[in-house]
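First the structure, in the form of structure tokens, and then the observations on it.
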Amino acid sequence: MQTQTSISTKPAPGEGSFPITGTTWLWVLTTVFLVFLSSVVVAGEKIWSEDKRFVDNGDRTITDTQTGLMWMKQDSYQLTGEWLSWYESVKFVQQLNQDGFANYIDWEMPTVDQLRALYDPKKTNGAQAGSEMTLHFDPIFAGNGSGSLWTVENNGVYNAFGVVLNTGQRFNSAKDNKARKAVRAVRRANP
């Protein structure tokens, strides 16, 4: 498809506005589209974090080069708009595997240590959705998600552990509690 635009439809400084013609609209829409394209990450293109620890794989995943783990770029709340109990988090990860999220079927709930490795008090990733709690992990991950993420680790029959990403501390909660809680699934980058 060949598109021609006329430079004569662009008014000189001080001449007023564009004349309303088909060519003018094409020029405006083409300009807007090109500006939009310049701000979009192309699927499959890798982007590195400032410190080169994390790489955005361009497929809704982030790889941690220090640990060899691949994380979902967004947590479950950012994807669904729903806070999850521990039980719902287990089902969420199972569904990721059934759906082949990012073309992988080996997603897991993280351990406490894996989540704590994301915590970095020198970095800020916005605030927890619906609160002013500042989250401290790399901004290469999608911002403003949950600050309280469930882990696979149980504490007895009715409780499980998670990690709070504004302090890096482990929390203990009833498995049916979903108040501002989510899960960020993980897998080995090179199993």
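FYI, this note's numbering numbers position 33 of the sequence shown as 33, with every residue one higher than the one before it. Where a beta carbon is used, it is the ideal one built from N, C-alpha and C, also for glycine. Since the model is a prediction, treat every value here as computed from it, not as a measurement.
Distance between beta carbons of residue j and residue i, contact taken as under 8 Å
| i | j | result |
| --- | --- | --- |
| residue 147 | residue 133 | 5 Å |
Test item: CB-CB of residue i and residue j under 7 Å
| i | j | result |
| --- | --- | --- |
| residue 166 | residue 135 | yes |
| residue 151 | residue 111 | yes |
| residue 87 | residue 182 | no |
| residue 143 | residue 126 | yes |
| residue 56 | residue 140 | yes |
| residue 186 | residue 71 | yes |
| residue 119 | residue 168 | yes |
Buried/exposed call for residue i, threshold 16 Cβ in 10 Å
| i | result |
| --- | --- |
| residue 48 | exposed |
| residue 114 | buried |
| residue 188 | exposed |
| residue 175 | buried |
| residue 91 | exposed |
| residue 131 | exposed |
Rounded C-alpha distance that separates residue i from residue j
| i | j | result |
| --- | --- | --- |
| residue 180 | residue 52 | 30 Å |
| residue 128 | residue 190 | 31 Å |
| residue 66 | residue 157 | 33 Å |
| residue 121 | residue 137 | 7 Å |
| residue 172 | residue 80 | 24 Å |
| residue 162 | residue 45 | 32 Å |
| residue 159 | residue 94 | 20 Å |
| residue 85 | residue 117 | 22 Å |
| residue 109 | residue 54 | 19 Å |
| residue 184 | residue 164 | 12 Å |
| residue 98 | residue 50 | 34 Å |
| residue 73 | residue 155 | 27 Å |
| residue 96 | residue 153 | 19 Å |
| residue 89 | residue 149 | 9 Å |
Contact with chain B by residue i, beta-carbon distance below 7 Å
| i | result |
| --- | --- |
| residue 87 | Chain labels in this structure do not include chain B; a single protein chain is all it has. |
Task: Segment contact, 8 Å Cβ cut-off, at least three pairs: the stretch 49–61 with the stretch 98–118 - done: Using a Cβ-Cβ distance cut-off of 8 Å, the stretch 49–61 and the stretch 98–118 are in contact, since at least three pairs of beta carbons, one from each stretch, lie closer than that value.
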